[in-house]
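Going line by line, the protein sequences match chains A and B. If you use the numbering used here, the first sequence corresponds to residues 20 to 279, in order. If you use the numbering used here, the second sequence corresponds to residues 21 to 1286, in order. All C-beta atoms, glycine included, are put in the ideal place defined by N, C-alpha and C. Computed from a prediction, not measured in an experiment: that's the story for all the values here. Input: a single structure, listed below in structure tokens.
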Amino acid sequence: MKKTFLCTLTLIIGFSATVYGQSHHYYNNFLITQSNPSAGSSTVVDLIKTPPEIAYFENQSDISLFNFWTSDIFSTYTAGLYGSGVSGGAADILGIASTNSLAFGADGGAEMLLSSFNGTGHVFDPVFSNYYALVFDIANIGLYDVDVLFRIGPNSSSALYSSFDEFFTPIAQNIVSISAGDTATFIFYLGLAVSDPSIVWDYANDPYTDIYLNFQPAVGAESFSVLVDNIGVAAVPEPGAVMLCLFGFIVSKFVWRKNK
Amino acid sequence: MKKIIRLISVVVCLLASYAVAVDYDNDGVNDDPYRPEFIGYAARELYFFIDLSQPGRFYSLTLDNDSLPYTFTTTDGFVRSNDNDGILLPLEMGSMRVTIHPDRLTEGLRQDIASGALQLMLIEEPEGAIVNSTSPITIYDNSEVAVNFTVANVTPLMNTLPFTLNLYNTSSGSNILIQSAETGQFLHTADDPFGHIVSINTLAVHGDISIVSADPLILEGWAFDDNEDMSVTLFFKRPADATDVEAVTAVNRYIHPINAQIPYWGDTYKSGFTVEWDNETLRGYYDLRIELNDGARQVSLPTKKIFWNKPPNGELLTPGYDEDITATEILVSGTANDLDVDLSISAYLSSVEVYINSPSNMIQRIINPEPDSSVMEFQFIWDTVYDYPEGSHTIYAIAYDSFGLSAQFGTRTITIFKTSPVIISIVPRLGPWRGNTVVSITGSNLTSVNNVQFGSVSASIIPGTQTNGLMQVQLPQITDPASMYVDVTVSNPLNSHIKRDGYRFVPAELGIGAVSDVIADIQFNNITGRLYLLNKSSRQVDIYEPLPADELVYASTGNFAVRSTAVPLKMDISKEQTTLYVIYENLAILELFNLQSSGSLIDSVTLHDNEGNPVNPVSLAYIMYDTVIIGTAGHNAARLLIARIDTPTATVTQVPIDAHYDSVEVISSSNQAVAYIVAKDYDTNSFDVFIYEGRTMLLTELPAVIPLNSGQVGEVSVAPNYNGSEFLIYTSSDIARFDSKGSLTGSGLYGAGFVTYDNARNMAYIFNSGEQFFTLINPAQLDETISHISFPDNVSAYGTLELDWTGEKLFAVTPQGIATVKVGDIYPRLSISPSFVQADDTIAVVAQNAGHIPENINFYINDQLQSAPALIQSDNDTHTFSVPVTLDEDTSGKVSARLWGYASKEENVYMMSMLFDRIADMSGLETFKPGGMFFDDVRSDLYIFDPWKSTGTTIARFHISIDDQGVLSAERLAVPASIQVPYPVAMSRTNDFILAVSRTMKRCYWFNVETFDDTSSAPVLSAMVSPYITISGVVGYSPKLYTGVNYAYVWNQLSTGGPDVYQINLDTQTVTRCNFISPRTTDIIIDYSDNPSEDRAYAVSYTTPNKASDFITIFNPAQPASLITPLSTIQLQSYGGAYQLASNDEALFASLRTMQGVSLVMPDHSGGNNHVAVNILENSPLVPQFITANNDYLVLNGPQAANAYALSFIDVNIWNDYPADSQFDGIADYVQGSSVIYDMEIIGNKLFTIIGEEIYVIDLLEKQED
């Protein structure tokens, strides 16, 4: 029964993903970069959102959860609600139908940041105690390839996943380059609970959880433009099961080509 | 005997019939008014006796019935004739006939008769009787002879006259005397006088009433009597009275003409008489009676009824005596009265006539409308005043009664002025609304002014002050207090003259409670609004505060004690207004009192010279950095001390000045940035002036002097303006203005006991203790004062004046309380729009509180009177003008206004120009959109780059030159083609290398500018941090002492989560991460020192909002990156907002783009961590992005609203802000609009900024403290 569900899910994801991208990629093999874990007590209070949703970008309010910055004072960004969602990928994992998404672009590098504590309450549960993974979709709808760098978890060196190592050297495994027109689903495994030995939530160093995404246009590229959608936490199977998804993806590609 | 009896009977009958003849109606009353007494007269018979019993009666005598007939008449119609009644009445001629009967004579007698020898004659003519036939009458036979006689004047006491006839015979000589007396026969002469009143000086006759008037009353008439000396007496009485009273006896007798001779008298009888009676008190009805009195008999003439009519009178009410007439028409009024009013006889007040100068110039005749009234009120408008020449005239009135009697009254001397009064000046032009102010008005034709209005307020003309050219009035308290200009109107009855806005009522009040004159000093707290009075009697500080309901009424609310064992002398207040500093007479102590803690004593600082000797303080002044300057006194021993109280233990230092001074007085500028010192030498009657600058702590002697009279050095004092950029030196007789260098800039030939500047305007106030006013002066025009203004209720004040920081309120100590004058209301208030203009633009200047006559407002730009402001609109006392800007594009200026000499605050006008308008070579810049700029101050090259352009000219270079006059010239210079990097976002310089960062290439490029100049083909090198890191900015490091390496620092604004600052070794093209945590570095600036090891770089990082605060990391940029460690961090009071840095010599500024405002950072240059970082300008609506600063200005830009990008200019000198709680002044905001404002650079006195696609150059005004 479980396999049937996953197969179906994978197919759905695959087909749905064809809506936006020439290719839809799944990225879940990220290197855990946390170097100095130091567990502490949970400070989870006053959740604004109820998991599994973190930000589905179905309405404008989700955008206001984020901070956006550009690379320099002359660069500008746009971050607005886009009238189509990124289907397949994280949406399917989360079991939601996405109709809107965040369109984010800038003339140069830019970043977006969701800090769990927004000054008045926590946007999401940093513990993810009942979920396996943080998922979201990014579609490159711009003209140029864009590199996506991230930092997930507590800030600085306590982050679970970061595009830079403890010496702030870029980690190629943790940098996703999305070609123009492609879509990528990001899956960060968070462990089942705080007690999961694979991941330690570093409360002591930073009780706040960040979801930080840094978009770097390729060298020479003038800008980037992406859709970000379906940020949530879900019980995502182990990577082995995901192979079924890849199957579905192949099928979807076939269908896409046929439809082309 | 029978005959005699018969004769008597006949006479009696005749007389009786005669008497009856005048009683026509037989009523027993005399009907003949002209003969009223004849009946009495007839009763007296005149008998002629012949003694017939004597022998020899030979004759018979026949008494004729009167004698010869005659008649005479008087001119008034009286007819008198003998009545032949046989009785001789006065004035009748008598006659008797004697008949000799010869038969009864002896023969001889008969013969004699026959011979005519017998003669008869009347002899011994009796007194009073004259026989007109004195010659003998010859008697012939029996013929009768007649003896005629008349009666002359007979003594009235004699009623009978005896007659003696001599009958004698001429032939025989015998005679017979016939003596009537012997027989008791006499001629009866008991006659009454008679007479007639011919006339009274009558005005008219009504019935039997004669209307008489005037004095004297004159009755004329005639009266006859045998006694010509009879008296004629006038009696009078009221009709109702029983008896009359003698009025007067006539003395004037004269011949009353008659038309015939009368016996004896012929025509010479003085029958006429005149009775004159002068009586001024009697008036009205009277009965007059004339009584004739011949000495024995009194005869009254018929009574005359008179109405004694006297002239009317009157009173002229207007015009008054000596009145000046200036109207074309005036009211003439008065009353006339007549006590003799009786319409039954047509006696009434008839009319009044008013004349000017002469009877030929009647102004008006007024008929009495109510003749039955004894009083007639009259008035009329004399509307022909202008028919008469200017000058003195006489006006009078005449009242007439119905009989034509008149009386002149109301004679007035008037002066006609045909010109209107004119106001030339009003002194003072200001006054408190509490009134009691004496105002002098000069002008012309003021003598005639009878009304003076100040708006709706009537002023009282002070008696005795009115001359043609000057008058004084006193103002009452206005009942509807308002701060306002009012028109001053002087009026005479003719015209008015209005001085528009001639006077201004200024809010002013007296406080509650008397204030004694033992106040040593007065100090205002600009934060709390309290007023402190240093009471040397009670040795305390009295605290006054305004009433909640009235900001101008101060009342005592408390006090705190100072040292009780000494007399307090002077005080000053700290910049924060929290500490009060007090010195005492003859006591070497400075004491500090905590104003935030009920005046508790903070510290007592011993004052001593450098040798440790105590001093005698006489003055003190607080200036910046918690420094109190103290001047002392002592013969050749006056000292200047600096007390630093910003340390836990106060330090006192003697500042070296010459030792010969006897007294040193200090006074600080209002912003407490500098102090001026007057060092006096009484021995030489001279003084020196010094300036002590708080910032530099330097004392400088100035060449400023003014002439002194002998012994006048004690009066010398100094008044600095608010920031000490100029000051006044004054004595009681002279005043002079100097700049801060001591150069004379103006003087006036007057002085004062006390002078203080207005803190906000180019004005000053002078005052002498004990006077009832203070005076406004323009320090820039000391040759004349502007106006004085009285204290409320015209009270006298003593001591000195105190002003608040904003120049709104002025305080003075008076015995009637604290006098508070809201002087700020005197001045026009300007606002201009726009403040940023280009050459030949016009600005709209709105002048509020500027009176009602726009023409009176003068505008100045940089103190130059503007000749062409055009009025756009007026609304009450607010006027909007269009003022052409007469400044060139490189000279910003100040706009000010003066109204009646009252200065507004100055408003800045910033001149803008476009850089590209000065550039001839614009090739390649057609699509160039400037965004950032970098000024290479080594070469004075300004690099402008386009961060949104990928190809072509992305970087342009301009050589900038600004001369001493601030005139800018710019020239475009070439840059190497290879430096035209795509999307340049930052530039800098390291030694000879010019650096540029490309956003898309994620690289920093550089070239050697020296080489480029030589070859124009210098190689361009570059370095990249990472393909995943976009370089956000670059700063070159060019130490003053070249270290042999060329470093530049770039940073990553998009956080890697850790160190985001990288050092580029330009020589090796290697990039090394600096090993310190500086996520999201947004800017780095470097503070250079002479030693590279002491150079400091400040890297600002912003954090995730709501997390840790933003911070600045300090490191030494001279170190290789591997050795760089953060020296310190400065925590800012912001979160996720710090963005760009700017600095000047004193501070570091960080724009806070998410919080609004700026973080002011004072790094601890000692290497410690005692940094100061406070947020300022938090209330600014502007969200700052770009920021730049110099030692005068802090300039921000960013959006302040949707589509409203703005530049905000901040006065970076906190000492220009006073008190200290308002930290910085926003000088000006330039709200551009939707065009985005980008980078800025301050070069010299110019701000270069990119607005839209233009590069604007804004000339920065020299700051006021410069």
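**Report entry** For S1179 of chain B and N1195 of chain B, believed in contact at Cβ under 8 Å, the rounded distance
**Finding:** 6 Å
**Report entry** From A:F234, A:N86, A:I51, residue whose alpha carbon lies closest to that of Q192 of chain A
**Finding:** A:I51
Query raised in the report: So, is P53 of chain B buried or exposed, given that buried needs 16 or more other C-beta atoms within 10 angstroms?
Result: Residue placement at P53 of chain B is flagged as unreliable, the pLDDT there being 35, under the threshold of 50; the coordinate-derived value follows with that caveat. By the 10 Å Cβ count, P53 of chain B comes out exposed.
Query - Under the three-state DSSP convention, the category E65 of chain B falls into - result: With a pLDDT of 31 at E65 of chain B, under the threshold of 50, the modelled position of that residue is not reliable, and the figure given next carries that caveat. E65 of chain B: coil per DSSP, three-state reduction.
Query raised in the report: For the putative contact between D421 of chain B and Y368 of chain B, defined by C-beta atoms under 8 Å, what is the C-beta separation to the nearest angstrom?
Result: 7 Å
Requested in this report: Let me know the secondary structure DSSP gives G60 of chain B once reduced to three states.
Outcome: Unreliable positioning characterises G60 of chain B in this predicted model, as indicated by a pLDDT of 25, which lies under 50. A coordinate reading is not provided.
**Report entry** Beta-carbon contacts of T509 of chain B that lie in its chain and below 6 Å, excluding the five residues immediately before and after
**Finding:** Q473, S516, I518
Requested in this report: Could you please tell me which residues of the stretch 969–998 of chain B, in chain order, have their CB closer than 8 Å to any CB of chain A?
Outcome: S970
Query raised in the report: So with Cβ pairs under 8 Å, would you call G1005 of chain B a contact of chain A?
Result: Gly is not the amino acid found at residue 1005 of chain B; the sequence shown has Val there. Under the Cβ distance rule, V1005 of chain B counts among the residues neighbouring chain A, one pair being separated by less than 8 Å.
Query raised in the report: Using a Cβ-Cβ distance under 8 Å, would Q884 of chain B count as near chain A?
Result: no
Query raised in the report: Would you say P16 of chain B reaches chain A, if we count a Cβ-Cβ gap shorter than 8 Å as a contact?
Result: A query on residue 16 of chain B cannot be resolved here, the shown segment of chain B reaching from 21 to 1286 and no further.
Requested in this report: For G1253 of chain B, count neighbouring Cβ atoms within 10 angstroms of its own Cβ and tell me buried if that reaches 16, exposed if not.
Outcome: Residue burial annotation: G1253 of chain B is exposed, with fewer than 16 other C-beta atoms found within 10 angstroms of its C-beta.
Query raised in the report: Do the CB positions of S480 of chain B and G533 of chain B come within less than 8 Å of each other?
Result: no
Requested in this report: Would you decide whether N471 of chain B is buried or exposed? Buried here means 16 or more other CB atoms lie within 10 Å of its CB.
Outcome: exposed
Query - Contact list for K1022 of chain B against chain A, beta-carbon separation under 7 Å - result: V238
Report task. Find the nearest neighbour of I418 of chain B within the set B:E927, B:S380, B:T1174, judged by alpha-carbon distance. Result -> B:S380
**Report entry** Classification of E946 of chain B by the beta-carbon crowding that lies within 10 angstroms, buried from 16 upward
**Finding:** exposed
**Report entry** Simplified DSSP state of L72 of chain B, which is helix, strand or coil
**Finding:** Bear in mind that a pLDDT of 34 at L72 of chain B, under 50, signals an unreliable position, so the model cannot answer this.
Report task. State the Cα-Cα distance for the pair G844 of chain B and I786 of chain B, rounded to the nearest angstrom. Result -> 16 Å
Query raised in the report: What is the DSSP secondary structure of E410 of chain B, counted as helix, strand or coil?
Result: coil
Query - G1272 of chain B, DSSP secondary structure in three states - result: coil
Query - the stretch 611–621 of chain B in contact with the stretch 654–664 of chain B per 3-pair CB rule at 8 Å - result: no
Query - Cβ-Cβ separation, G714 of chain B to M644 of chain B (assumed contact under 8 Å), whole Å - result: That belief holds up - the Cβ atoms of M644 of chain B and G714 of chain B are roughly 4 Å apart, short of 8 Å.
Report task. Assign R258 of chain B to one of two classes, buried (16 or more other C-beta atoms within 10 Å of its C-beta) or exposed (fewer than that). Result -> Burial call: exposed.
Requested in this report: Using a Cβ-Cβ cut-off of 8 Å, state whether D164 of chain A counts as contacting chain B.
Outcome: no
Query - 8 Å Cβ cut-off: residues of chain B touching S80 of chain A - result: Within chain B, no residue comes near S80 of chain A; the closest Cβ sits about 17 Å away, beyond 8 Å.
Query raised in the report: Do you know how far the Cα of H43 of chain A is from the Cα of F268 of chain A?
Result: In this prediction, F268 of chain A has a pLDDT of 43, which is less than 50 and means its spatial position is unreliable; what the coordinates show is noted afterwards. When rounded, the distance between both Cα atoms is 8 Å.
Report task. Report buried or exposed for D941 of chain B, applying the criterion of at least 16 other Cβ atoms within 10 angstroms of its Cβ. Result -> exposed
Query raised in the report: Got a sec: which bits of the stretch 1047–1068 of chain B sit with their beta carbon under 9 Å from any beta carbon on chain A, in order along the chain?
Result: P1047, Y1048, I1049, T1050, I1051, S1052, G1053
Query raised in the report: Alpha carbon to alpha carbon, what distance is there between P996 of chain B and L1015 of chain B?
Result: 12 Å
Query raised in the report: How would you call T667 of chain B, buried or exposed, if buried means at least 16 neighbouring beta carbons within 10 angstroms?
Result: exposed
Query raised in the report: Is it the case that the CB of G136 of chain B approaches a heavy atom of the ligand SAM more closely than 7 Å?
Result: Among the components modelled here there is no ligand, and therefore nothing to report on the ligand SAM.
Query raised in the report: Quick one: which chain A residues come within Cβ less than 7 Å of L1143 of chain B?
Result: Within 7 Å Cβ-Cβ: nothing; L1143 of chain B doesn't reach chain A, min ~17 Å.
Report task. Count the C-beta pairs between the stretch 864–879 of chain B and the stretch 564–573 of chain B that are closer than 8 Å, then say yes if the count reaches three, no if not. Result -> no
Report task. Would you mind reading off the limits of the alpha helix (DSSP H) that contains A110 of chain A? Result -> 108–113
Query raised in the report: What number of angstroms, rounded off, separates the C-alpha of I229 of chain B from the C-alpha of T253 of chain B?
Result: 20 Å
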